Amino acid sequence: MLKEQNTIIPFSCSTARLKTDSLFKLLFVILCLHISIYQLHAQKQPDSLVSFQIQDMAFGEVLENLYERFGIKVAFNASDPGFNKKVSYSKDQVTVLDLLNDLLDSEGYGYRKIGDQYNVYKSQIIEKQEDPEPVTVTTSQLPKDTVFIQNAVIKTDTLIVLDTIRQTDTLVIRDTIRIFVDKPVESRRGRIKELRKNLFSPDANRINGKSVELYYGRNYFNTDFKAGSAETAQLANLWNESLEPSFKMQHLGVRLNKCSNNWMFSASLTYLDFAQNFIHNRTIKTGGYYEMDTLDSYYSISGIDTTWFHVVDSAYVPLEESKYSYQTTNRIGMLHLGVDAAHLVGQLPGVRFYARAGLGLATVIYKKGFAFEPQAEYAVMDMKKLELSPLNFTFRLAFLARMRISDELDLVPEVSWQMHFNDLLKDYPITTKPSYPGISLGLVYYF
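Numbers in the numbering used here are just positions in the sequence shown, counted from 1, shifted up by 367.
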């Protein structure tokens, strides 16, 4: 059995001297104990009475001073300008919590304790809500240990802190990548189909755009003169027999077009050249009768009577005929100003069909050829002596097709019919109002 023995260690200078590192460890332990005791002491301060005085100090610094003096951990939004406000405060013999409440209420703030930390917020953010309806407790005839609670009320308190920082930065990177693909060689028929497809593809200018057109055409012209009375029927027949129907009439013009979806509006200036062959043959006969001539005269006297005797002679005048032939081309030139509208009636790939109608005004600019005098003999005279109507109102109908030949050009064949509302001849016994069909070919340029 071991017996307890007391061991005495003699004291000496070598044993009394502590090492340097052990001394530092001892000081550190003492410091930690001091801090722990201070914290334990500070945590008890909210329930103890304290005195507090400040003068012209920022409100945020005041809250920080509470932590330094009383160990109260206060959290607040340092970016709020309200915490930079200078305040002065003085209180004696109040608890730390009352001191904190009084300080925050004076500046319009409140706090919410989470753990050992007091979070400060604006009192205006959270509005006080009225107390809800009281809890109603009803007890039925069930056993006494059973209780039903109706209209349960859950009280909530929400702390909202709004602090939004938005930072945007847009970086645009543009890079073009071109990819070239080698296509295999197609057959000739395939290339022709693709070419036709590209050639007759729709174009915006042909639907909503402007264009100018240059056109030339010919008309079939056959005047029909009508007599106003039986006396002038012979004159009308002379005109109708002398003028031959002709395809010599021609027109040349320019037209401005504005396309708007299925409609096309136009204004045109056209030169008209009315041309007809004038052929008239006339025979004038002279003679074919006897002319009497007195050769001598004598008389006889019987009593108081005197009788005269004449010696006469007759001579036959032979018949003579003079034939006259008039052959020329009668021409009347006019300038025609017209406006018209056309509507799309159908289309094929690369072709658009339109029906057109319009009105116009034409004026005479020249005339040459032969005409008949309105007297009974109806002699032939120069047309320059004949007066024509200076202005003629016209109406025109047409059907046309616009065929695309390039991105900016169209070929336009057209068939038309035009009539005049006025008589061509002015102050003349017979009347005529020209009307004539025609064909033309135009070239349209889009711009």
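By construction, the Cβ of each residue, glycine as well, lies at the ideal position given by its N, Cα and C atoms. This structure is a prediction, so every number in the text was calculated from the model and none was measured.
Check                                                                                                                                                                 : Outcome
Does any heavy atom of the ligand NAD sit closer than 7 Å to the C-beta of Tyr-803?                                                                                   : No copy of the ligand NAD appears in this structure; indeed no ligand is present at all.
Could you tell me whether the Cβ atoms of Met-786 and Ser-802 are closer together than 8 Å?                                                                           : yes
According to DSSP, is Ile-699 helix, strand or coil?                                                                                                                  : strand
Would you mind working out which of Leu-393, Phe-762 and Arg-719 sits nearest Asp-707, comparing C-alpha positions?                                                   : Phe-762
For His-703, count neighbouring Cβ atoms within 10 angstroms of its own Cβ and tell me buried if that reaches 16, exposed if not.                                     : buried
Asn-604 lies in the beta strand (DSSP E); which residues open and close that run?                                                                                     : Premise fails: Asn-604 lies in the alpha helix (DSSP H), 600-609, not in any beta strand (DSSP E).
Say whether the stretch 591-599 touches the stretch 788-799, bearing in mind that this needs 3 or more beta-carbon pairs closer than 8 Å, one atom from each stretch. : yes
Cβ atoms of Phe-737 and Tyr-745: under 8 Å apart, would you say?                                                                                                      : no
Below 8 Å, can you find three or more Cβ-Cβ pairs linking the stretch 449-469 to the stretch 421-435?                                                                 : yes
Flag this pair as yes or no: are the beta carbons of Leu-767 and Leu-810 separated by less than 8 Å?                                                                  : no
Taking C-alpha atoms, which residue in Phe-788, Leu-791, Val-779 and Asn-789 lies nearest to Tyr-812?                                                                 : Val-779
From Ser-568 to Val-782, what distance separates their C-alpha atoms?                                                                                                 : Confidence at Ser-568 is low in this model, with a pLDDT of 49, below 50, so the placement of that residue is unreliable and no value is reported for it.
Across which residues does DSSP place Arg-763 in a beta bridge pair?                                                                                                  : Gly-725 and Gln-785
Is the beta carbon of Met-701 less than 8 Å from the beta carbon of Ile-732?                                                                                          : yes
Closest to Ser-418 by CA distance: which of Thr-730, Ser-457 and Ser-633 is it?                                                                                       : Ser-457
Does the beta-carbon of Leu-467 have 16 or more other beta-carbons within 10 angstroms, so that it is buried, or is it exposed?                                       : buried
Checking 8 Å against the spacing of the C-beta atoms, do Asn-664 and His-677 come in under that value?                                                                : Here residue 664 is Ser; the residue named in the question, Asn, does not match the sequence. Taking 8 Å as the Cβ cut-off, Ser-664 and His-677 qualify as a contacting pair.
Report the partner residues of Ala-445 according to the DSSP bridge assignment.                                                                                       : According to DSSP, which records beta bridges pairwise, Ala-445 is partnered with nothing at all.
Classify Asn-644 as helix, strand or coil using the three-state DSSP reduction.                                                                                       : strand
In three-state terms, what does DSSP make of Leu-778?                                                                                                                 : strand
What does the Cβ neighbour count give for Arg-649, buried or exposed, with the cut at 16 atoms within 10 Å?                                                           : exposed
Does DSSP classify Gly-805 as helix, strand or coil?                                                                                                                  : strand
On the CB-based measure, 16 or more other CB atoms within 10 Å of its CB, does Glu-608 come out buried or exposed?                                                    : exposed
Taking the alpha-carbon positions, what's the Ser-473 to Leu-398 distance?                                                                                            : 39 Å
Does the Cβ of Arg-622 have 16 or more other Cβ atoms within 10 Å, making it buried, or fewer, making it exposed?                                                     : buried
Return the first residue and the last residue of the alpha helix (DSSP H) that Arg-450 is part of.                                                                    : Sequence inspection shows Phe at residue 450; the Arg mentioned does not correspond to that position. Note, Phe-450: premise wrong, no alpha helix (DSSP H); not H, not E.
Pull up the DSSP beta-bridge partners for Thr-853, would you.                                                                                                         : Lying before the first or after the last residue shown, residue 853 is absent from the chain, which here runs from 368 to 814.
What residue range is occupied by the uninterrupted beta strand (DSSP E) comprising Ser-756?                                                                          : Looking at the DSSP string, Ser-756 is not in any beta strand (DSSP E), and its letter there is neither H nor E.
Taking buried to mean at least 16 other C-beta atoms within 10 Å of its own C-beta, is Lys-734 buried or exposed?                                                     : buried
Using 8 Å as the threshold, is the C-beta distance between Phe-645 and Thr-695 below it?                                                                              : yes
What first and last residue would you give for the beta strand (DSSP E) that runs through Asp-749?                                                                    : 747-749
If we count the other Cβ atoms within 10 Å of its Cβ and call it buried at 16 or more, is Asp-439 buried or exposed?                                                  : Per the sequence shown, the amino acid found at residue 439 is Ile instead of Asp. Burial call: buried.
Closest by CA to Val-463, which one among Ala-729, Tyr-485, Gly-475 and Pro-804?                                                                                      : Tyr-485
Strictly by DSSP, which residues pair up with Leu-470?                                                                                                                : According to DSSP, which records beta bridges pairwise, Leu-470 is partnered with nothing at all.
Taking Asn-572 as part of the beta strand (DSSP E), name the residues at either end of that continuous run.                                                           : From DSSP, Asn-572 is part of no beta strand (DSSP E) but of the alpha helix (DSSP H) over 571-574.
When the Cα of Phe-720 is compared with those of His-710, Leu-726, Leu-728 and Ala-729, which residue comes out closest?                                              : His-710
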